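Trainee: Residue numbers (UniProt numbering): 1 to 222. What follows is a single structure, and I will ask about it in a moment.
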């Protein structure tokens with residue numbers, strides 16, 4: 001067979017192209033850098049529809065047992081996204097059970113294709129969340145009014161200061177009255193009235209009384 005290219009994923013997650021001259025599935029562990037085939041096996045197969053007018057059948061080989069610090073850091077797509085590999089892994093493209101060359105550029109497109117369904121799911125979730133909060137009252141800043149965020153022109157109960165109470169407690173200016181208090185100079189004491197005033201009044205009354213009597217006598221005689 002003619003030589004083909006496969007991909008080697010080292011434990012640091014770096015992908016490199018490697019040339020495979022002879023296909024022997026039982027000898028693939030050597031291409032991954034292992035000394036023996038113990039635990040090295042096929043992990044999964046992805047059958048990909050046409051990408052740029054080419055179809056792919058991708059296999060991943062690796063080892064799931066190993067020593068600490070030898071864990072492979074590369075994140076594979078599902079269903080092996082949670083599988084912990086040790087050492088290097090191999091990515092091989094197959095067609096009719098025979099290996100076909102695979103480049104890193106092609107794998108990048110395949111990788112995106114395998115994760116495409118999850119990206120669409122994320123977009124749907126984002127749209128659902130957007131619809132869910134459309135009817136929720138929001139602040140001027142765009143936050144939901146959930147009791148924890150307030151508008152800039154609003155105050156929480158703790159920060160609110162009652163202006164009426166503030167006015168009542170505010171000290172008034174200490175102004176001096178411009179009006180001067182005056183003492184009344186009017187006295188009602190009658191001791192200052194002269195005694196002769198009463199005497200004169202009494203004499204006048206007597207004279208009037210005498211005149212009245214004389215008039216009565218004259219009328220009687222006549």
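Ideal Cβ positions, reconstructed from N, Cα and C, are used throughout, including at glycine. Remember, it's a predicted structure, so these values are computed and weren't measured experimentally.
#1: Pull up the DSSP beta-bridge partners for residue 41, would you.
#2: Assign residue 18 to buried or exposed, taking buried as 16 or more other Cβ atoms, counted over all protein chains shown, within 10 Å of its Cβ.
#3: Could you give the first and the last residue of the continuous beta strand (DSSP E) run that contains residue 28?
#4: I'd like to confirm the pairing. Which residues does DSSP put opposite residue 93 in its beta bridges?
#5: Quick one: grab the DSSP three-state call for residue 7.
#6: Go through its chain and collect everything with a Cβ distance to residue 45's Cβ below 6 Å, but skip five positions before and after it.
#7: In angstroms, rounded to a whole number, what distance separates the CA positions of residue 52 and residue 4?
#8: Output the distance between the C-alpha atoms of residue 104 and residue 80, rounded to the nearest integer angstrom.
#9: Which of helix, strand or coil does DSSP assign to residue 15?
#10: Taking the DSSP output, what are the residues bridged to residue 20?
#11: What's the call for residue 33, buried or exposed, on a 16-neighbour Cβ count within 10 Å?
#12: Keeping to the same chain, check which residues put their C-beta closer than 8 Å to that of residue 71; ignore five residues upstream and five downstream.
#13: Would you tell me roughly how many angstroms separate the C-alpha atoms of residue 29 and residue 9, rounded to the nearest one?
#14: Taking the C-alpha atoms as reference points, what is the distance between residue 15 and residue 102?
Mentor: In brief:
#1: 62
#2: exposed
#3: Here residue 28 belongs to no beta strand (DSSP E); instead the alpha helix (DSSP H) covers 28-31.
#4: 58 and 100
#5: strand
#6: 59
#7: 20 Å
#8: 19 Å
#9: strand
#10: 4
#11: exposed
#12: 11, 84, 85 and 86
#13: 13 Å
#14: 12 Å
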